[in-house]
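Trainee: A single structure is presented below for examination.
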Amino acid sequence: MAKPVARYVCQNCGAVYPKWAGRCDACGEWNTLVEETVEARPGPVGRANAGRRVTFVGLQGSTAPPPRANTGIAELDRVLGGGLVPASAVLVGGDPGIGKSTLMLQAAATLARAGRRVMYISGEESIDQVRLRAQRLGLADASLELASAINVRDIAATLEGERDLALVVIDSIQTMWLDAIESAPGTVAQVRATSFELIRLAKSRGFSLVLVGHVTKEGALAGPRVLEHMVDAVLYFEGDRGHQFRILRAVKNRFGATDEIGVFEMTEQGLAEVPNPSALFLAERRGNIAGSAVFAGLEGTRPVLVEVQALLAPNSGGSPRRSVVGWDSGRLSMLLAVLETRAGLRMGSTDVYLNIAGGLRVNEPAADLAVAAALASAATDTPTSAAAVYFGEVGLSGEVRQVAQAESRLKEAHKMGFEVACLPRRVARGGRKSSPPEGLRLDEIGHLTDLVAAFGAKSAAKGSPS
Ligand code: TYD
Ligand code: MG
0 MAKPVARYVC QNCGAVYPKW AGRCDACGEW NTLVEETVEA RPGPVGRANA GRRVTFVGLQ
60 GSTAPPPRAN TGIAELDRVL GGGLVPASAV LVGGDPGIGK STLMLQAAAT LARAGRRVMY
120 ISGEESIDQV RLRAQRLGLA DASLELASAI NVRDIAATLE GERDLALVVI DSIQTMWLDA
180 IESAPGTVAQ VRATSFELIR LAKSRGFSLV LVGHVTKEGA LAGPRVLEHM VDAVLYFEGD
240 RGHQFRILRA VKNRFGATDE IGVFEMTEQG LAEVPNPSAL FLAERRGNIA GSAVFAGLEG
300 TRPVLVEVQA LLAPNSGGSP RRSVVGWDSG RLSMLLAVLE TRAGLRMGST DVYLNIAGGL
360 RVNEPAADLA VAAALASAAT DTPTSAAAVY FGEVGLSGEV RQVAQAESRL KEAHKMGFEV
420 ACLPRRVARG GRKSSPPEGL RLDEIGHLTD LVAAFGAKSA AKGSPS
């Protein structure tokens, strides 16, 4: 008979060790190893334990594209790649309080209203709490099947006999518990075992499974990375708690593109879709203020215009501060150095503050030119043109480099009523440059000196040399 074998699993990264240690060699975290007991498999793989032959098929065959169930929330459907796929599992991760439960309750209720069978199993909130929220969201009339449960054995027994289920939401996977595993809910062992069981059910019963998962403060999903490998799609719900908007981002999707985003606004009546994010991010912009520049960015495949704000303040002794919200601070230091050495823009020992207005986090190097414009504008006390957008990557020698999808950025700028686009020198493709949208003037910038010179010239014209 097989005897149980003890092993030690890191709760941070999922690495497995035969012996306990204070520190995990794989991720370097301290005190994260927890004992798990596993039943050793009887005997070695051999003729006595012969498995069945695996069947092979050719690559060609009649495989229809997966049928999709639209959740009725277009922003969510887009991120999913066109709706929920039956017999698949989706992980929706995000910080506590960001709105995961709200989003999934809205999606579940909308699907139920469309006549599909939907179950919502909450391990975190009581029935009353979920009902109250549904009432507040105006969804109480939806024929959703609601349960409060954490025991996966019970849930499995329930789901095993079900038919025609479209969607099952588990909120959250960290509260789920299997009695066969000794560790507490939320540990690697429990998260892995409960997810495995739930995903197995989804595949065999043919429903779409959504697992809600919390993220640790380090930004990783609490529980194992293995969970990300087990599911078909991983969506992250993110946003700044101080701001109203939320972004749903696909980081893995077996049935669609991973660079799609959905934009939502948290309102009194739950999450509202934002079909035009640029309008949201530019809503509070004021023209004619030095230190502000509009970046024509790209989130996934969607162009999004955001305002970059820079502020230079006299330093009161000590080393100058570089403070960044919504952008990479290393990248800011690099840009400051390039502006100073290659374009002669002296910042000296002033404090530099940089902010992406609205709370969006920009990761694109294409924002370099907009940041440089905001900085140059602040340094020369000259507003950028209120009708201009900027995009382009800056290299270490001060050259402005090409970025992806210039066309869709220009289109969005035009749509939002901008008249000038400052961008890298355009290369002719196939012998000719594509023409910009009508009414949009292109200002090609080859080097940062050109950008800084434009501000210098403007401030000189105003009689306030920098
Ligand atoms: P919730 O969905 O519970 O977050 P999560 O499941 O990710 O932990 O969202 C909680 C927050 O959303 C809470 O701070 C209140 C806010 N909220 C609204 O602003 N409007 C609403 O209609 C709802 C339901 C929640
Ligand atoms: Mg929740």
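Residue 0 is where the sequence shown starts when you use the numbering used here, and the numbers rise one by one after that.
C-beta atoms are modelled at their ideal positions from N, C-alpha and C, and glycine is treated no differently.
Remember, it's a predicted structure, so these values are computed and weren't measured experimentally.
1. Where does the unbroken alpha helix (DSSP H) through A372 begin, and where does it stop?
2. Exposed or buried, what is F454 when buried is set at 16 or more other beta-carbons lying within 10 Å of its beta-carbon?
3. Please state the DSSP three-state secondary structure of D327.
4. So if I measure from each beta-carbon to every heavy atom of the ligand TYD and keep distances below 6 Å, which residues remain?
5. Is E170 near the ligand MG, going by C-beta to nearest heavy atom under 7 Å?
6. Compare the C-alpha of A372 against each of V33, A107, I288 and name the closest.
7. Quick one: what does DSSP say F454 is sitting in, helix, strand or coil?
8. Spatial neighbours of K202 within its chain, please: C-beta separation below 7 Å, excluding the five flanking residues on both sides.
9. Where W19 and W29 are concerned, what is the direct C-alpha to C-alpha distance, given to the nearest angstrom?
10. Looking at C-beta atoms only, is the number of pairs between the segment 340-351 and the segment 314-332 that lie closer than 8 Å three or more?
11. For the beta strand (DSSP E) containing M103, name the first residue and the last one.
12. For G21 and V15, what's the separation of their Cα atoms in angstroms?
13. One question on the structure: do L110 and A146 come within less than 8 Å of each other, judged by their Cβ atoms?
14. Put G358 into one of helix, strand or coil per three-state DSSP.
15. Please identify the residue among V129, A179, A365, V209 whose C-alpha is closest to the C-alpha of D327.
16. Measuring alpha carbon to alpha carbon, tell me which of D76, I126, R115 ends up nearest L102.
17. Identify the continuous beta strand (DSSP E) that holds S207 and give its terminal residues.
18. Quick one: using the 10 Å Cβ neighbour count with 16 as the cut-off for buried, is K461 buried or exposed?
19. Put D170 into one of helix, strand or coil per three-state DSSP.
20. Starting from I126 and walking both ways along the alpha helix (DSSP H), at which residues does that stretch end?
21. For the putative contact between A292 and S376, defined by C-beta atoms under 8 Å, what is the C-beta separation to the nearest angstrom?
22. Please specify which runs of the beta strand (DSSP E), each continuous and at least 3 residues long, are wholly inside the segment 10-80, giving them in chain order.
23. Can you find the residues in the same chain that come closer than 7 Å, C-beta to C-beta, to R432, ignoring five residues on each side of it along the sequence?
24. Roughly how many angstroms separate the alpha carbons of L311 and A356, rounded to a whole number?
25. Helix, strand or coil for A278, going by three-state DSSP, please let me know.
26. Can the beta-carbon of V8 be found less than 8 Å from the beta-carbon of A188?
27. Taking just the CA atoms, how far does R248 sit from I126?
28. Check whether the segment 313-321 touches the segment 272-289, taking contact to mean three or more Cβ pairs, one atom from each stretch, closer than 8 Å.
29. What are the partner residues of I120, as DSSP defines its beta bridges?
30. Who does M333 pair with in a DSSP beta bridge?
31. For S203, report the span of its alpha helix (DSSP H) as first-last.
32. Determine the burial state of Q105: buried for a count of at least 16 other Cβ atoms within 10 Å of its Cβ, exposed for fewer.
33. Could you check how far apart the C-beta atoms of A387 and F417 are, in whole angstroms? I think they sit under 8 Å.
34. In whole angstroms, give me the CA-to-CA distance for Q401 and E259.
35. Does DSSP put L138 in a helix, a strand or coil?
Mentor: Put simply:
1. In this chain, the alpha helix (DSSP H) harbouring A372 covers 367-379.
2. buried
3. coil
4. G93, P95, G96, I97, G98, K99, S100, T101, R132, R135, L136, M265, E267, Q268, G269
5. This sequence places Asp at residue 170; Glu is not what is there. It does: the Cβ of D170 is within 7 Å (strictly closer) of some heavy atom of the ligand MG.
6. I288
7. Correct three-state label for F454: helix.
8. A86
9. 12 Å
10. yes
11. Element bounds for M103: not the beta strand (DSSP E) but the alpha helix (DSSP H), 99-112.
12. A straight line joining the alpha-carbon of G21 with that of V15 spans about 13 Å.
13. no
14. helix
15. If we check each option's Cα against that of D327, A365 comes out closest.
16. D76
17. 207-213
18. A caution first: K461 carries a pLDDT of 43, below 50, which makes its placement in the model too unreliable to give a value.
19. DSSP places D170 in strand when its eight states are reduced to three.
20. 126-135
21. 6 Å
22. For the segment 10-80, whole beta strand (DSSP E) runs of length 3 or above, ordered along the chain, are 32-38.
23. Just to set this straight, residue 432 is Lys in the shown sequence, not Arg. Answer for K432: R425, listed in chain order.
24. 16 Å
25. DSSP places A278 in the helix class (H, G or I) of the three-state scheme.
26. yes
27. Within the model, the alpha-carbon separation for I126 versus R248 is close to 29 Å.
28. no
29. Answer by DSSP bridge pairing, in chain order: A146, I169.
30. The partner list for M333 (beta bridge, DSSP) is empty, contrary to what the question assumes.
31. Taken as a continuous stretch (DSSP letters only), the alpha helix (DSSP H) holding S203 covers 187-204.
32. buried
33. Confirmed, about 7 Å.
34. 22 Å
35. Here L138 sits in coil by DSSP.
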